[in-house]
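Novice: In terms of this note's numbering, the sequence shown is residues 91 to 271.
Yeah, the Cβ is synthetic: ideal placement off N, Cα and C, and Gly gets one too.
All of these numbers come straight from a predicted model, not from anything done at the bench.
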Amino acid sequence: MPSSAAARRYARAIFGLARDEGRIDEVRREMAQLEQLFEESPELRAVAFRPLHPVAERRAVLGELTTRLGLGPTVRQLCAILVEHGRMADFPTIREELERIANEAAGNVEAQVFAASPLAQAQLERLRRALKARTQRDVQLRVSIDPSLLGGVIAKVGDLVFDGSLRTQLVQLRANLMKGR
């Protein structure tokens, strides 16, 4: 999910507040828990994210939900602010951006890995070590399966892209063959 400038600003603000309170891990966990509920309940997602519902109704529903879940004041206030400003649909992006910021602050980076088929644990560990050597940081892998790659993997770490997919190799081979005509 692409990150918007607004999502980055909200995430930086939440990170700063959570860091000052010593609650970074709790806020991350609470936001992940809330996002999971949004993913599991289309009805809840519709009420929370769609501006068709009045602000007061969305604020009340989210206030009740966050209280019942026992979420801390930081996440409750974030939800209230997002509803007020019509940005609740940005919640997943804000959470993702918060994860990136927190990982970066801890000296970690996240690598989005696309593989043609599931990777064995040994392959994942080799990939993690190679990316760590390249980035000089601890790397957390987030793996997605993309059969269109035909084989190999694509790893994205920040702005760096390592493309070892069979699909790309075939495209490059075709381009080289076409040049030779």
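Can you name, in chain order, every residue of its own chain whose Cβ lies under 7 Å from the Cβ of Glu-187, other than the five neighbours on each side?
Specialist: The answer, listed in chain order, is Ser-93, Ala-97, Arg-98, Ala-101.
Novice: Mapping the DSSP letters down to three states, classify Gln-230 as helix, strand or coil.
Specialist: Here Gln-230 sits in strand by DSSP.
Novice: What is the rounded straight-line gap between the Cα of Leu-217 and the Cα of Val-173?
Specialist: Roughly 41 Å between the two C-alpha positions.
Novice: Mapping DSSP to helix, strand and coil, what is Ala-201?
Specialist: Ala-201: strand per DSSP, three-state reduction.
Novice: Does the Cβ of Ser-255 have 16 or more other Cβ atoms within 10 Å, making it buried, or fewer, making it exposed?
Specialist: That one is buried.
Novice: Over what stretch of residues does the alpha helix (DSSP H) that includes Ala-212 continue unbroken?
Specialist: Here the alpha helix (DSSP H) through Ala-212 covers 211-225.
Novice: Helix, strand or coil, according to DSSP, for Met-91 in the structure here?
Specialist: Reliability fails at Met-91, whose pLDDT of 45 lies under 50, so the model's placement of it is uncertain and the value that follows must be treated cautiously. Looking at Met-91 - three-state DSSP - the assignment turns out to be coil, as it is neither helix nor strand.
Novice: Does the stretch 207-226 touch the stretch 176-185, meaning 3 or more C-beta pairs lie closer than 8 Å?
Specialist: Not touching, per the Cβ criterion.
Novice: Look up Lys-269 in the DSSP assignment and give the residues it is bridged to.
Specialist: In DSSP, Lys-269 forms no bridge with anything.
Novice: Identify the residues that DSSP records as bridge partners of Ala-245: which are they?
Specialist: Its beta-bridge partners are Val-203, Phe-252.
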